[in-house]
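Chains as they are written, first to last, in the numbering used here: chain A, 561 to 772; chain B, 561 to 772. We put the beta carbon where it would ideally sit given N, CA and C, even for glycine.
There are 2 protein chains.
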Amino acid sequence: MMQSKTISDIVIGRMPLYLRALQRMLNEQRQIASSQELGKRLGISAAQIRKDLSQFGEFGKQGTGYHIDYLVNKIQEILQVDRVWDVALVGAGDMGHALASYQGFNHRGFQIKLIFDNDPEKLGSYIGDYKVMDIADMNEEIHKAGIKIAMLAVPAAGAQEVANRLIKAGIKAVLNYAPVNLKVPVGVYVQYIDPAIHLQRMTYYLKSENDL
Amino acid sequence: MMQSKTISDIVIGRMPLYLRALQRMLNEQRQIASSQELGKRLGISAAQIRKDLSQFGEFGKQGTGYHIDYLVNKIQEILQVDRVWDVALVGAGDMGHALASYQGFNHRGFQIKLIFDNDPEKLGSYIGDYKVMDIADMNEEIHKAGIKIAMLAVPAAGAQEVANRLIKAGIKAVLNYAPVNLKVPVGVYVQYIDPAIHLQRMTYYLKSENDL
DNA sequence: TAGATTGTTAATCGATTAACAATC
DNA sequence: TAGATTGTTAATCGATTAACAATC
Numbered sequence: 561m562m563q564s565k566t567i568s569d570i571v572i573g574r575m576p577l578y579l580r581a582l583q584r585m586l587n588e589q590r591q592i593a594s595s596q597e598l599g600k601r602l603g604i605s606a607a608q609i610r611k612d613l614s615q616f617g618e619f620g621k622q623g624t625g626y627h628i629d630y631l632v633n634k635i636q637e638i639l640q641v642d643r644v645w646d647v648a649l650v651g652a653g654d655m656g657h658a659l660a661s662y663q664g665f666n667h668r669g670f671q672i673k674l675i676f677d678n679d680p681e682k683l684g685s686y687i688g689d690y691k692v693m694d695i696a697d698m699n700e701e702i703h704k705a706g707i708k709i710a711m712l713a714v715p716a717a718g719a720q721e722v723a724n725r726l727i728k729a730g731i732k733a734v735l736n737y738a739p740v741n742l743k744v745p746v747g748v749y750v751q752y753i754d755p756a757i758h759l760q761r762m763t764y765y766l767k768s769e770n771d772l
Numbered sequence: 561m562m563q564s565k566t567i568s569d570i571v572i573g574r575m576p577l578y579l580r581a582l583q584r585m586l587n588e589q590r591q592i593a594s595s596q597e598l599g600k601r602l603g604i605s606a607a608q609i610r611k612d613l614s615q616f617g618e619f620g621k622q623g624t625g626y627h628i629d630y631l632v633n634k635i636q637e638i639l640q641v642d643r644v645w646d647v648a649l650v651g652a653g654d655m656g657h658a659l660a661s662y663q664g665f666n667h668r669g670f671q672i673k674l675i676f677d678n679d680p681e682k683l684g685s686y687i688g689d690y691k692v693m694d695i696a697d698m699n700e701e702i703h704k705a706g707i708k709i710a711m712l713a714v715p716a717a718g719a720q721e722v723a724n725r726l727i728k729a730g731i732k733a734v735l736n737y738a739p740v741n742l743k744v745p746v747g748v749y750v751q752y753i754d755p756a757i758h759l760q761r762m763t764y765y766l767k768s769e770n771d772l
C-alpha cells in the first residue's frame, strides 16, 4: 500500500495544533471557522492553513469557511486519534507521577495502561488505578497488551537501554522526557520533551535591551 | 544596538541540542568532536552543524574538529546560559511539583526561585525549599526578584489570564504547559510543551503496516 | 607530506506567501 | 446579486546540501 503523495512532517506537526484550537472553539459553542480566524488564534497565516488542510482533502466551503465539528472529525481521522491508544509509561518518579495523573490525555486519544519502574521500593505501589510493574516484565506485558506507544520518564543514563527494550517489545512511538537523543531503527518515532532545551531556546533572545 | 546579521530561529533552536550533546560528550571524557560525529549522534548532517556554528564564529580547527569544552563555553555564551537564570513557577499541581523537583535544570542555566498557586489549600505549603505563594502577590514578588522567565503549569482555562499578569510583572519568556496558544506582545517569548500534541504528531505515522 | 576537517560558496531543494478563479 | 472564503497555482523566500579551497 502506497501513499499517493507524501506529506511533509512539518505539515503533520501543525495538524495537532489545528485540532487543539478547533476543539477549543467547539467548547466555545462555535460552529464555523475561517482559515483567517484560525490563523489569527494560532499565529499562522491563513494561506498556510488552507494549504495544509488541502493536502488531505477539501474540508471547507467557499464563502463560508469550515464546519468545525466536521473538520475536527477529519483531522482526528488523519492523525488516527479517532480512537484511543493505550500507552505504557516507564519511570514512576515525579515526572511519571505527573504524567500518570494528567487529565489532558483523556479526550485526545490516549490512556495510560501500564506503568513500569525498576526501583524495588516502588514496585507494587499504585499510581492512580495502575500498579507499578517491574521493568523486567516490560517485554511480556507490552506484547500482551499490544501497546505501540510509550512515554519514557527515566534518568538520562538509562534511557537508551530502556528505549531499546521498549522497541523490542513492539513500541513504535516514544515520547522521551529523558534529556538524551535516542537512536532508534526506522519505523520507530520519537518526540522529545526537555524543559531545559525549551528554556535555552528563549534565553538567546533575552538581550540586555529587555533588562532595563 | 543592532545585530549585524539576524540568525534564524530554526538555527537558534538547534543550538541547545548541540550544547546538550556536547556536554554529554564532556561527561564521557571526550575532548574533541568533529561535525560528522556530532551530526551522527543527533541525526543532523555535518554540513548543517558547521553552517549553524559558523553563523556565530569560527570555533573549530581544520583537520581536527572542535575542542568540546571550548565549544560548550561558546554556545553557553551565545544562548546566555553562562549564568543562572531565576525562574518563577506558576501552578503547584502535579506538573508543578514535577518541575519543582526536576534536577535537570541545575547545570543548564536555570533555578526555580518562586512558586505560585491560587489554591488556598496549597498556599504556605512547601515544595522543596520554596513556599507556595499566593498568585495575588505574583506581580510584586516577580518584580522584586527581577525575574524574567516563568513556567506556566496551570489549567488551560486560566492560562491566558495568568500569562497576562506574568507579562505585566516583567516576565519575558514563558514555558507554557497549559494546552492553549497564548497571545503575547512582541518581545515576549513562549515555548509550548503539550504531551498530547507530541503524541498526536506520531500517531499519524502509526499506519496499519505496523500493526501486523 | 598525507590525511582530515573546517568554513563557505553555489546549487538544490522545500516551504511559505500572494493572488485569484471558482463558488458558496 | 454582492460579499466572503476556499482550494490551488505561480512566485518568492529561506533552509539544506554538496563540494571544495584553505589549513591544521
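Sheet register partners of residue i (DSSP bridge)
i               : result
H693 of chain B : Contrary to the premise, residue 693 of chain B reads as Met rather than His in this sequence. Paired residues: B:F676.
Q671 of chain B : B:D646
I592 of chain A : A:H627
G620 of chain A : A:Y626
First and last residue of the uninterrupted alpha helix (DSSP H) at residue i
i               : result
Y630 of chain B : I628 to I638
Y578 of chain A : D569 to N587
V722 of chain B : A716 to K728
K704 of chain A : M698 to A705
P755 of chain B : P755 to T763
S685 of chain B : It is not in any alpha helix (DSSP H) - S685 of chain B carries neither H nor E in the DSSP assignment.
K565 of chain B : Taken as a continuous stretch (DSSP letters only), K565 of chain B belongs to no alpha helix (DSSP H), as it is neither H nor E.
L742 of chain A : Premise fails: L742 of chain A is in no alpha helix (DSSP H) and is neither H nor E.
L659 of chain B : D654 to A660
I609 of chain B : A606 to S614
Endpoints, the beta strand (DSSP E) within which residue i is located
i               : result
V734 of chain B : A733 to N736
I709 of chain B : I709 to L712
Q751 of chain B : Y749 to Y752
Integer Cβ distance of residue i from residue j, believed to fall under 8 Å
i               : j               : result
I731 of chain A : K708 of chain A : 6 Å
L735 of chain A : I702 of chain A : In fact, because the Cβ distance is near 15 Å, the residues do not count as touching under 8 Å.
I638 of chain A : Y764 of chain B : 7 Å
V632 of chain B : L582 of chain B : 5 Å
V740 of chain B : A719 of chain B : 5 Å
G620 of chain B : Y626 of chain B : 5 Å
D592 of chain B : I628 of chain B : The identity of residue 592 of chain B in the sequence shown is Ile, whereas the question assumes Asp. Indeed, because the Cβ distance is near 6 Å, the residues count as touching under 8 Å.
G669 of chain B : V644 of chain B : 6 Å
Q615 of chain A : I567 of chain A : 5 Å
I753 of chain B : I753 of chain A : 6 Å
Practice task
Decide if the stretch 752–765 of chain A is in contact with the stretch 596–605 of chain B; the criterion is three or more beta carbon pairs, one per stretch, under 8 Å apart.
Solution key: Contact between the stretch 752–765 of chain A and the stretch 596–605 of chain B is absent, because fewer than three Cβ pairs lie under 8 Å.
Handout entry: Contact the stretch 573–580 of chain B vs the stretch 709–727 of chain A: 3+ CB pairs below 8 Å
Key = No, the stretch 573–580 of chain B is not in contact with the stretch 709–727 of chain A.
Practice task
Mind the definition here: the stretch 688–699 of chain A touches the stretch 743–757 of chain B only if three or more C-beta pairs lie below 8 Å; say whether that holds.
Solution key: Two segments are said to touch when three or more pairs of C-beta atoms, one from each, lie closer than 8 Å; by this definition the stretch 688–699 of chain A does not touch the stretch 743–757 of chain B.
Handout entry: Three CB pairs or more closer than 8 Å across the stretch 582–590 of chain B and the stretch 641–655 of chain B
Key = No contact exists between the stretch 582–590 of chain B and the stretch 641–655 of chain B.
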